[in-house]
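Participant: The sequence shown begins at -8 in my numbering and counts up by one. After the structure tokens below, expect a handful of questions from me.
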Amino acid sequence: MSLPPHFLDELRHRTPLAPLVARRVRLERAGRDQKGCCPFHNEKSPSFYVYDDHYHCFGCGAHGDAISFVMQSEGASFIEAVERLAAEAGLEVPKPSPAAAEAAKREAELADVLEAAAAEYRRRLALPEGEAARAYLAARGLDAPTIARFGLGWSGEGRGSLRAALARQGIAESRLVEAGLMKQGERGAVDYFYGRVMFPIRDRAGRMVSFGGRLLGDGQPKYLNGPETALFSKRRTLYGIDTARPAIRAGAALIVVEGYMDVIALAAAGFEGAVAPLGTALTESHLEELWRLSPRPILCLDGDAAGRRAALRAIELALKQLTPDRGLAVLTLPGADDPDSFIRREGAAAFAARLAAVPSLADTLYLLLAESADQATPEGRAALRHRLEEVARTIEDKALAGEYRGALLDRFFAARRGRQAAGRAPGRAPDRASGRAPAGAPPRPLGLPRPSIDPSVARLRRARMLTGILIAHPDLLPALEEAFGLLALPDDCARLRAAMSVWLATAEALDSALLLNHLAQSGLREAAELALSVLPRRGRGKETAGEALESLWYGIYGLMNLDWLRQQCEEQRIRFEQDPTPENNNRLRALVEARYRAERGEADLEAPT
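Okay, here's the thing in structure tokens:
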């Protein structure tokens, strides 16, 4: 439903944001504005700021206006949020067009037909003909209250019995076909569902949109969803969203499982925020719906190989859309367990413990990619590293993409260090390939936040210096590859780094001429020559000691981080001027002190030699 921009502007103007937020957040004055603990993530110190026309959380990045606050805090759709705020503001929501009104009327009539069918299926479950269905549900551990809560029923054996039952309520056969309850056959319309336990499917507002059915006895398909209709699209609908939505607003975790029975089993065990796609892999529409309910949905898929493949597909689909306030997590169950079988065997407490310990998305993504890689060979490890960097680049939020790239490579290098330590003879000291800096070299500046790409000439020159030193002295690569890999670089240096990593994995000798030849064959001759052209004087000669070169390299690396520090100092200074709180003052002092220490290192590095 499209609404006129002038109406939305008037609605926002008539809705004071601070009183709206204060219904859910305890606010306190922060200069001219107000602040409180963010309602969208757990925090102890307030970082959620409310301004005249928008809110922003400096902790998780949540941002928006009055309409988006209602959507995020209550799980409401856009139109639901508008209608609620308009009612409070005394505004009338503009009426849709005649065509839209007619479509809405038709959908409401179809929903009524489906409600009548649901009541009939529930009635049949209680009859003698529903005995097999009742036995199946009892064997799955479902009690009467759970069956009633989810409206489960029995289809009957077909042969037009649903048509006959609903005809007594004045519902025509054509309406049953339109609602997806019957389908046209060679001899007329026949029941779509027969011999099945029935699962009503509702939308987020609780409106009936379709059914799913589980076949009893032999035959295929075992599970069957209704056909696409004006009300129902499998690619957009999530089973259980009508019951999960209020639970999630009350604090329940949003858990995405594979099927109806998983949703019901979790709800029966006390995990009421469970939903499931309907016979399809997760789609972008599903993800949008999930993020409207929670900033961090948890995928809980079967623990078998198919479940792990499904998890990886879902993660790769979600990565592009990730933001600081749109995350994801994956809970993988052991063996071939699904949530239903795990809870029946281990109990709800065991599931809750796993839910509380769910790993970060970066951890899960690394494990899923690493387990399918051949890490026994240099080529396999290089391919894995390339895949990790490639996956991180798919995230459109550049700052988040940089963080994921660093997090994935952290795990890659940690695993490599573990293999190197395991393969080293007892009592043997680590050599240069272990990645340990030589005695007397300055500490690696990896404790500072990872830098982000800065288009300044100085930063570009420093990036090329770092790359050029390694091209001229590739014997440094084993020791410096990890730090080099964690640095965000401009495009030409990033391409050189990727090619150097491939070369290092298979190089027989760490010789500059061999490396340059490989770069030339990779189409990077000009980029390599440009990097070599800006080498500092101490980095050019072959006679310079390795330890001095390594010290020089880390010094330049520190200057890349200094650029980041200067940017952060300026942003914090502006923030402090706008909101002179003790917290902002302490943060500014800490950043200025860190910048001062780094600048002393810069002076040492750039002094004449």
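For each residue, glycine too, the CB sits at the ideal point set by N, CA and C. As the structure is a computational prediction, the values presented were derived from the model and not from experiment.
Do the CB positions of I565 and A522 come within less than 8 Å of each other?
Facilitator: Counted from its first residue, the sequence shown places residue 565 at position 574. Counted from its first residue, the sequence shown places residue 522 at position 531. Contact flag unset, no.
Participant: DSSP on I386, reduced to helix/strand/coil?
Facilitator: Position 395 of the sequence shown holds residue 386. Coil.
Participant: Please go through the same chain and pick out, in chain order, the residues whose beta-carbon is closer than 6 Å to the beta-carbon of L310, but skip the five residues on each side of it.
Facilitator: Taking the first residue of the sequence shown as position 1, residue 310 is located at position 319. Excluding sequence neighbours, L310 sits near T385, I386.
Participant: Pick helix, strand or coil for G246, following the three-state DSSP scheme.
Facilitator: The count along the sequence shown starts at 1 and reaches residue 246 at position 255. What sits at residue 246 in the sequence shown is Ile, not Gly. Strand, per DSSP.
Participant: Roughly how many whole angstroms lie between the Cα atoms of A97 and A221?
Facilitator: Translated into positions along the sequence shown, residue 97 becomes position 106. Translated into positions along the sequence shown, residue 221 becomes position 230. Correcting the residue type first, residue 97 is Arg in the shown sequence and not Ala. In a straight line, the C-alpha of R97 is about 9 Å away from that of A221.
Participant: Is there contact between the stretch 64 to 77 and the stretch -7 to 8, where contact requires at least three CB pairs shorter than 8 Å?
Facilitator: With the cut-off at 8 Å, the stretch 64 to 77 and the stretch -7 to 8 touch.
Participant: Let's test the definition: count the other Cβ atoms within 10 Å of the Cβ of V448 and tell me whether it reaches 16, buried, or not, exposed.
Facilitator: Residue mapping note: residue 448 aligns to position 457 of the sequence shown, counting from 1. That one is exposed.
Participant: Specify, as a first and last residue, the run of the alpha helix (DSSP H) that I58 falls within.
Facilitator: Residue 58 sits at position 67 when you count from the first residue of the sequence shown. I58 -> alpha helix (DSSP H) spans 57 to 65.
Participant: Please classify R580 as buried or exposed, where buried requires at least 16 other C-beta atoms within 10 Å of its C-beta.
Facilitator: Here residue 580 corresponds to residue number 589 of the sequence shown, with the count starting at 1. Result: exposed.
Participant: Please report the straight-line C-alpha distance between R455 and E275, rounded to a whole angstrom.
Facilitator: Here the question's residue 455 lines up with position 464 in the sequence shown. Here the question's residue 275 lines up with position 284 in the sequence shown. The alpha-carbon atoms of R455 and E275 are separated by roughly 39 Å.
Participant: What residue range does the beta strand (DSSP E) around K96 cover?
Facilitator: As a working note, residue 96 is residue 105 in the sequence shown. Looking at the DSSP string, K96 is not in any beta strand (DSSP E); the run it does join, the alpha helix (DSSP H), is 89 to 117.
Participant: Between K174 and G149, what straight-line distance do the alpha-carbon atoms span, to the nearest angstrom?
Facilitator: One-based indexing of the sequence shown puts residue 174 at position 183. One-based indexing of the sequence shown puts residue 149 at position 158. Cα-Cα distance, rounded: 12 Å.
Participant: Taking 8 Å as the threshold, find out whether the stretch 105 to 125 comes into contact with the stretch 197 to 205 through three or more Cβ pairs.
Facilitator: Taking 8 Å as the limit for Cβ pairs, the verdict is that the stretch 197 to 205 does touch the stretch 105 to 125.
Participant: If I follow the unbroken alpha helix (DSSP H) through G179, where does it start and stop?
Facilitator: For the purposes of this step, residue 179 is identified with residue 188 of the sequence shown, where counting begins at 1. First-last for G179: 179 to 182, but that is the beta strand (DSSP E), not the alpha helix (DSSP H).
Participant: Is DSSP giving Q211 helix, strand or coil here?
Facilitator: Locating residue 211 in the sequence shown gives position 220, where the first residue counts as 1. DSSP places Q211 in coil when its eight states are reduced to three.
Participant: Let me know the secondary structure DSSP gives R455 once reduced to three states.
Facilitator: Stepping through the sequence shown from its first residue, residue 455 is reached at position 464. Reduced to three states, the DSSP call for R455 is helix.
Participant: Does the beta-carbon of H377 have 16 or more other beta-carbons within 10 angstroms, so that it is buried, or is it exposed?
Facilitator: Indexing the sequence shown from 1 puts residue 377 at position 386. Its Cβ having fewer than 16 others within 10 Å, H377 is exposed.
Participant: Closest by CA to L8, which one among R131, E79, E219, G217?
Facilitator: Locating residue 8 in the sequence shown gives position 17, where the first residue counts as 1. Checked all of R131, E79, E219, G217; the closest Cα to L8 is E79.
Participant: Look up E219 in the DSSP assignment and say whether it is helix, strand or coil.
Facilitator: To locate residue 219, count along the sequence shown from 1; it is residue 228. Coil at E219, not helix or strand.
Participant: Tell me whether the beta-carbon of Y395 lies closer than 8 Å to the beta-carbon of L457.
Facilitator: Along the sequence shown, one-based indexing puts residue 395 at 404. Along the sequence shown, one-based indexing puts residue 457 at 466. No, the pair does not count as a contact, with Cβ atoms beyond the cut-off.
Participant: Considering only the beta carbon of each residue, do A77 and L167 sit closer than 8 Å?
Facilitator: Against the sequence shown, residue 77 aligns to sequence position 86. Against the sequence shown, residue 167 aligns to sequence position 176. Cβ distance not < 8 Å, so A77 and L167 don't count as in contact.
Participant: Are the CB atoms of E19 and K26 within a distance shorter than 8 Å?
Facilitator: In the sequence shown, residue 26 corresponds to position 35, counting from 1. In the sequence shown, residue 19 corresponds to position 28, counting from 1. Their beta carbons are under 8 Å apart, which means K26 touches E19 by this criterion.
Participant: Would a check of beta-carbon distances place M456 closer than 8 Å to chain B?
Facilitator: The chain labelled as chain B is not found in the depicted structure, where only one protein chain is given.
Participant: Considering only DSSP beta bridges, list what F190 is partnered with.
Facilitator: Residue 190 sits at position 199 when you count from the first residue of the sequence shown. In the DSSP output, where bridge partners are listed per residue, F190 has G203.
Participant: Below 8 Å CB to CB, which residues in the same chain sit around A102 once its five sequence neighbours on both sides are set aside?
Facilitator: Within the sequence shown, the letter at position 111 stands for residue 102. Cβ within range, chain order: R198, M199, V200, L222.
Participant: Measuring straight from C-alpha to C-alpha, what distance separates R140 and R5?
Facilitator: Translated into positions along the sequence shown, residue 140 becomes position 149. Translated into positions along the sequence shown, residue 5 becomes position 14. Approximately 40 Å between the Cα atoms of the pair.
Participant: Kindly indicate which residue of R486, D388, S492, E541 has the alpha-carbon position closest to the one of R516.
Facilitator: Walking along the sequence shown from the start, residue 516 turns up at place 525. Comparing Cα positions, the closest option is R486.
Participant: Please list the segments of the beta strand (DSSP E) lying wholly inside the stretch 478 to 536, counting only runs of 3 or more residues, in order along the chain.
Facilitator: Here no run is fully enclosed.
Participant: How many Å lie between R407 and W282 at the Cα?
Facilitator: In the sequence shown, the residue the question calls residue 407 occupies position 416. In the sequence shown, the residue the question calls residue 282 occupies position 291. Each residue's alpha carbon lies about 35 Å from the other.
Participant: Is F69 helix, strand or coil by DSSP?
Facilitator: As a first step, residue 69 is located in the sequence shown; it is residue number 78 there, counting from the start. Here F69 sits in helix by DSSP.
Participant: Quick one: what's got a C-beta closer than 7 Å to G52's C-beta in the same chain, skipping five residues either side?
Facilitator: Sequence index remark: in the sequence shown, residue 52 carries index 61 (1-based). The residues are T314, P315, D316.
Participant: Distance, Cα to Cα, P10 vs L324?
Facilitator: Position 19 of the sequence shown, counted from the first residue, corresponds to residue 10. Position 333 of the sequence shown, counted from the first residue, corresponds to residue 324. One C-alpha to the other measures close to 43 Å.
Participant: What are the boundary residues of the beta strand (DSSP E) that includes Q47?
Facilitator: What you label residue 47 is simply residue 56 of the sequence shown in a count that begins at 1. What sits at residue 47 in the sequence shown is His, not Gln. Where H47 is concerned, the enclosing beta strand (DSSP E) stretches over 46 to 48.
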